[in-house]
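Asker: Input: one structure, supplied below.
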Amino acid sequence: MAHQRVLLAVTGGIAAYKIPELVRALRAEGHTVRCAMTPAATRFVSPLVLQTLSGQAVRSELFDPAEEGEIDHIALADWADAVVVAPATANVLARMAHGLADDLVTTLLLATRAPVLVAPAMNVNMWDHAATRANVELLRARGVAFVGPEAGWLACGWEGEGRMASPADIAEATLQVMGPRSLQGETVLVTAGGTREPVDAVRALTNRSSGKMGYAVAREAARRGARVVLISGPSALETPGGVERVDVESAVEMRDAVFKALPDATVVVMTAAVADFRPAQAAARKIKKEDLAEEEGLTLELVRNPDILASLAEQPGERVVVGFAAESHDVVEAARRKIERKRCDLLVANDVSRAGAGFDSDTNAVWFVWPGGDVEELPLLSKAEVAGRILDRVEKLREERG
Ligand SMILES: Cc1cc2nc3c(=O)[nH]c(=O)nc-3n(C[C@H](O)[C@H](O)[C@H](O)COP(=O)(O)O)c2cc1C
7 MAHQRVLLAV
17 TGGIAAYKIP
27 ELVRALRAEG
37 HTVRCAMTPA
47 ATRFVSPLVL
57 QTLSGQAVRS
67 ELFDPAEEGE
77 IDHIALADWA
87 DAVVVAPATA
97 NVLARMAHGL
107 ADDLVTTLLL
117 ATRAPVLVAP
127 AMNVNMWDHA
137 ATRANVELLR
147 ARGVAFVGPE
157 AGWLACGWEG
167 EGRMASPADI
177 AEATLQVMGP
187 RSLQGETVLV
197 TAGGTREPVD
207 AVRALTNRSS
217 GKMGYAVARE
227 AARRGARVVL
237 ISGPSALETP
247 GGVERVDVES
257 AVEMRDAVFK
267 ALPDATVVVM
277 TAAVADFRPA
287 QAAARKIKKE
297 DLAEEEGLTL
307 ELVRNPDILA
317 SLAEQPGERV
327 VVGFAAESHD
337 VVEAARRKIE
347 RKRCDLLVAN
357 DVSRAGAGFD
367 SDTNAVWFVW
377 PGGDVEELPL
387 LSKAEVAGRI
397 LDRVEKLREE
407 RG
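Numbering (our numbering), first residue to last: 7 to 408.
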């Protein structure tokens with residue numbers, strides 16, 4: 007995925023002031039970035055800034071002999087692995103929709119065969135205008151990908167939809183349009199994070215899961231073109247771009263959310279660390295030590311939580327189910343027993359006691375345990391790489407099952 011060539015077409019909206027940050031985000035992913043600007047865009051952000059940050063000459067004129075001599079516009083259109091239009095004005099959307107080629111940017115957009123991603127940014131009334139709506143529909147129907155706009159306060163003083171997606175989300179969406187699309191058409195349901203089981207109004211039982219593994223799976227599945235539903239326990243992580251996130255707290259809430267999303271899911275990856283037990287009774291008010299006798303302890307009665315992974319095997323429908331097992335000892339043997347009980351297609355076992363693996367770590371050391379007991383040991387990898395290996399296996403299983 008690294009070293010892709012991104013042509014960033016900048017048009018004349020106020021959000022152009024965020025484009026230097028986008029250039030940096032794209033370069034941080036390892037891409038080579040070249041910028042082309044409309045004349046209006048140069049009024050909002052300096053070509054010199056974009057040239058300095060991209061490390062490449064910036065073009066803004068179609069008919070300038072010096073610019074055209076450096077790299078001609080057709081060569082530039084051919085050079086790109088993806089074209090990103092950010093910010094995309096109402097004006098450029100109209101010109102793209104109608105096939106105009108009256109400046110460098112629109113000529114490049116007509117000439118390129120690379121996937122095109124647009125990040126619209128404009129006043130809410132411009133975005134809602136029937137002309138813009140029709141142009142957006144036309145472009146979508148032609149396969150142009152969109153990221154944003156988002157709702158919120160706009161620079162023009164209005165509140166509503168029209169704010170450009172964040173540079174991080176645009177960089178993520180760029181990876182998605184250049185991705186292998188090998189999970190296109192699939193709906194991937196991912197659970198992530200730990201659950202939080204209420205004890206009283208202020209306390210809860212939880213675990214140390216950060217959600218990093220599940221978020222990495224969700225991000226990678228979206229990059230491969232899947233529709234992704236991420237059901238997350240409390241987590242500080244940002245939702246990966248293009249992923250639909252459902253927030254839950256307890257195991258029971260997680261089960262309900264999983265069952266609601268299940269009918270559409272063709273792949274389920276259950277990375278969440280779901281609490282096995284919850285307090286039998288959650289007190290509505292805070293339990294105060296003053297209400298207990300001096301030196302008296304507190305005994306909590308715990309009841310079992312639903313086993314979400316095991317219950318999936320009983321659900322109708324054809325889908326690939328991947329489970330996770332976090333173990334602190336006898337990892338492989340425990341995982342072999344678990345896959346028999348849970349009847350999933352693949353169990354990913356990890357040793358949470360090992361340094362550099364398990365909870366809150368950016369790396370993970372896992373074993374793939376297959377039905378029947380076959381085991382594959384993976385080296386210490388980043389969680390993003392582990393996510394990729396899991397989805398490679400999922401794709402193979404989907405293929406084998408036609
Ligand atoms: C201060 C200012 C801010 C503007 N912001 C936007 C904007 O956010 N989105 C938009 O579609 N047009 C915006 N415009 C209008 C465009 O600059 C104008 O339509 C221009 O023709 C766009 O040219 P281009 O699409 O070739 O870049 C703004 C204009 C001004 C003067």
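C-beta atoms are modelled at their ideal positions from N, C-alpha and C, and glycine is treated no differently.
(1) Bridge partners of residue 197, per DSSP?
(2) Residue 7: buried (16+ other C-beta within 10 angstroms of its C-beta) or exposed?
(3) Smallest Cα separation from residue 232: which of 192, 111, 58, 247?
(4) Return the first residue and the last residue of the alpha helix (DSSP H) that residue 156 is part of.
(5) Which ranges does the alpha helix (DSSP H) cover as unbroken runs of at least 4 residues, wholly within the region 110–137, from first to last along the chain?
(6) Take the Cβ of residue 221 as the centre, count every other Cβ of all protein chains shown within 10 Å, and call the residue buried at 16 or more, exposed below.
(7) For the beta strand (DSSP E) containing residue 251, list its first residue and its last residue.
(8) For residue 129, verify whether its CB is less than 8 Å away from any heavy atom of ligand 1.
(9) How would you label residue 79, buried or exposed, when you count the other beta carbons within 10 angstroms and need 16 or more for buried?
(10) Should the region 123–132 be regarded as contacting the region 92–103, the criterion being three or more beta carbon pairs within less than 8 Å?
(11) For ligand 1, is there any heavy atom lying closer than 8 Å to the beta carbon of residue 101?
(12) Let me check understanding here. Comparing Cα to Cα, which of 25, 287, 360, 122 lies closest to residue 58?
(13) Quick check: is any heavy atom of ligand 1 less than 8 Å from the C-beta of residue 152?
(14) Per DSSP, residue 370 forms a beta bridge with which residues?
(15) Is residue 45 close to ligand 1? I mean its beta-carbon at under 8 Å from any heavy atom of the ligand.
(16) Report whether the distance from the Cβ of residue 97 to the nearest heavy atom of ligand 1 is below 8 Å.
(17) Would you kindly work out how many angstroms separate the C-alpha atoms of residue 114 and residue 82, rounded to a whole number?
(18) Quick check on residue 366: buried or exposed, where buried means 16 or more other Cβ atoms within 10 Å of its Cβ?
(19) Can you tell me whether residue 220 is helix, strand or coil according to DSSP?
(20) Is the Cβ-Cβ distance between residue 89 and residue 121 less than 9 Å?
(21) Measure the alpha-carbon distance for residue 118 versus residue 179 and round it to whole angstroms.
(22) Can you tell which of 405, 347, 329, 162 has the C-alpha that lies nearest to the C-alpha of residue 354?
(23) Does the separation of the CB atoms of residue 229 and residue 308 fall below 9 Å?
(24) If we require 4 or more residues per run, which alpha helix (DSSP H) segments fall completely within the region 328–365?
(25) If you drop the 5 nearest sequence neighbours on each side, which residues of the same chain put their C-beta closer than 6 Å to that of residue 240?
(26) Please name the residue in 172, 149, 144 whose C-alpha comes closest to that of residue 156.
(27) Please report the straight-line C-alpha distance between residue 334 and residue 168, rounded to a whole angstrom.
(28) For residue 159, is the classification buried or exposed, using 16 other Cβ atoms within 10 angstroms of its Cβ as the cut-off for buried?
(29) Does DSSP put residue 44 in a helix, a strand or coil?
(30) So does the region 236–252 actually touch the region 261–275, counting three or more Cβ pairs closer than 8 Å?
(31) Beta strand (DSSP E) containing residue 312: first to last residue?
Answerer: On the basis of the coordinates in this document:
(1) For the purposes of this step, residue 197 is identified with residue 191 of the sequence shown, where counting begins at 1. Answer is 237, 276.
(2) The residue labelled residue 7 in the question sits at position 1 within the sequence shown. Per-residue confidence for residue 7 stands at a pLDDT of 49, beneath the threshold of 50, marking its modelled position as unreliable; no derived number is given.
(3) Taking the sequence shown and counting its residues from 1, one reaches residue 232 at position 226. The shortest C-alpha separation from residue 232 is found at 192.
(4) For the purposes of this step, residue 156 is taken as residue 150 along the sequence shown, with counting starting at 1. For residue 156, there is no enclosing alpha helix (DSSP H); the enclosing beta strand (DSSP E) covers residues 156–159.
(5) The qualifying runs are 110–117, 130–134.
(6) In the sequence shown, counting from the first residue as 1, residue 221 sits at position 215. Residue 221 is buried by the Cβ-count criterion.
(7) By 1-based counting over the sequence shown, the position of residue 251 is 245. 249–253 is the extent of the beta strand (DSSP E) around residue 251.
(8) Here residue 129 refers to the residue found at position 123 when the sequence shown is read from its first residue. At least one heavy atom of ligand 1 lies less than 8 Å from the C-beta of residue 129.
(9) Within the sequence shown, residue 79 is the residue found at index 73, counting from 1. By the 16-neighbour rule on beta-carbons within 10 angstroms, residue 79 is buried.
(10) Cβ pair count under 8 Å is three or more, so yes.
(11) Counted from its first residue, the sequence shown places residue 101 at position 95. Yes, the Cβ of residue 101 comes within 8 Å of a heavy atom of ligand 1.
(12) Within the sequence shown, the letter at position 52 stands for residue 58. When the alpha-carbon of residue 58 is set against those of 25, 287, 360, 122, the nearest one is in 25.
(13) Here residue 152 refers to the residue found at position 146 when the sequence shown is read from its first residue. In terms of side-chain proximity, the C-beta atom of residue 152 is found no nearer than 8 Å to any non-hydrogen atom of ligand 1.
(14) Here residue 370 corresponds to residue number 364 of the sequence shown, with the count starting at 1. Answer is 387, bridged to residue 370.
(15) The residue labelled residue 45 in the question sits at position 39 within the sequence shown. Yes, Cβ of residue 45 sits closer than 8 Å to a heavy atom of ligand 1.
(16) In the sequence shown, the residue the question calls residue 97 occupies position 91. The closest heavy atom of ligand 1 lies less than 8 Å from the beta carbon of residue 97.
(17) Taking the first residue of the sequence shown as position 1, residue 114 is located at position 108. Taking the first residue of the sequence shown as position 1, residue 82 is located at position 76. The straight-line gap from Cα to Cα measures roughly 7 Å.
(18) Counting from one through the sequence shown, the residue named residue 366 turns up at place 360. The C-beta of residue 366 has fewer than 16 other C-beta atoms within 10 Å across all chains shown, which makes the residue exposed.
(19) Numbered from its first residue, the sequence shown carries residue 220 at position 214. Of the three classes helix, strand and coil, the one that applies to residue 220 here is helix, per DSSP.
(20) Working through the sequence shown from its first residue, we reach residue 89 at position 83. Working through the sequence shown from its first residue, we reach residue 121 at position 115. Yes, the pair counts as a contact, with Cβ atoms nearer than the cut-off.
(21) Residue mapping note: residue 118 aligns to position 112 of the sequence shown, counting from 1. Residue mapping note: residue 179 aligns to position 173 of the sequence shown, counting from 1. Looking at the backbone, the Cα of residue 118 and that of residue 179 are separated by about 19 Å.
(22) Walking along the sequence shown from the start, residue 354 turns up at place 348. By alpha-carbon distance to residue 354, the top candidate from 405, 347, 329, 162 is 329.
(23) Counting from one through the sequence shown, the residue named residue 229 turns up at place 223. Counting from one through the sequence shown, the residue named residue 308 turns up at place 302. The Cβ atoms of residue 229 and residue 308 lie no closer than 9 Å to each other.
(24) Within the region 328–365, the complete alpha helix (DSSP H) runs of at least 4 residues are 337–348.
(25) The residue you call residue 240 lines up with position 234 of the sequence shown. Cβ-Cβ distances below 6 Å link residue 240 to 202 in the same chain, with the five nearest sequence neighbours on each side left out; the list follows chain order.
(26) Walking along the sequence shown from the start, residue 156 turns up at place 150. Answer by Cα proximity: 172.
(27) The sequence position of residue 334 within the sequence shown is 328, counting from 1. The sequence position of residue 168 within the sequence shown is 162, counting from 1. Rounded to the nearest whole angstrom, the C-alpha separation of residue 334 and residue 168 is 49 Å.
(28) The sequence position of residue 159 within the sequence shown is 153, counting from 1. With fewer than 16 other Cβ atoms inside 10 Å of its own Cβ, residue 159 counts as exposed.
(29) Here residue 44 is taken as the residue at index 38 of the sequence shown, counted from 1. Note: residue 44 maps to coil in three-state DSSP.
(30) Verdict: yes, contact present.
(31) Along the sequence shown, one-based indexing puts residue 312 at 306. No beta strand (DSSP E) holds residue 312; DSSP gives it neither H nor E.
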